[in-house]
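Worksheet: the structure to be examined is printed underneath.
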Ligand SMILES: [Zn+2]
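See below:
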């Protein structure tokens, strides 16, 4: 999920600067688009107070983690076999909307699932979107992101 669009290796992205982004406002609505505040939605997962019960919930929380630049959460919600050393977040990239298009499996009763989504973002005054069908598995009981579905 989320290839390294506009990645800049020479820019240091610390949690401190990431938290200063508007999307990281702890009192604001959740970036994932559900009608809940961030602390009661994806923020619970980012803070480690809860785990995703479904692949869709994990997918939403990963989108939100991109929006609030929570690289640590992105890495720990990535399957160990495909997890990169670092994500390379671009602080200029502003994630503006998530649309979940469909999903298969990924429920409380499943061990794997897919979630197809479109994520809109702005970077440098340009609007673009990312479309991916992502594959999720359980690792040590918790949902994690594996990779895009091939093809
Ligand atoms: Zn959310």
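Residue numbers (the numbering used here): 57 to 207.
Note that beta-carbon positions come from the ideal geometry of N, C-alpha and C, so glycine has one too.
| query | result |
| --- | --- |
| Chain-order list of residues whose beta-carbon lies under 8 Å from that of residue 206 (same chain, five-residue window excluded) | none |
| Alpha helix (DSSP H) runs contained entirely in the stretch 81 to 125, provided each spans 4 or more residues | 98 to 102 and 111 to 123 |
| Range covered by the beta strand (DSSP E) that runs through residue 154 | 150 to 161 |
| Within 6 Å of ligand 1: residues by beta-carbon to any heavy atom | 86, 88, 90, 97, 98, 116 and 120 |
| Reference residue 152; option with closest CA among 84, 88 and 83 | 88 |
| Residue environment, residue 178, which counts as buried when at least 16 other CB atoms sit within 10 Å | exposed |
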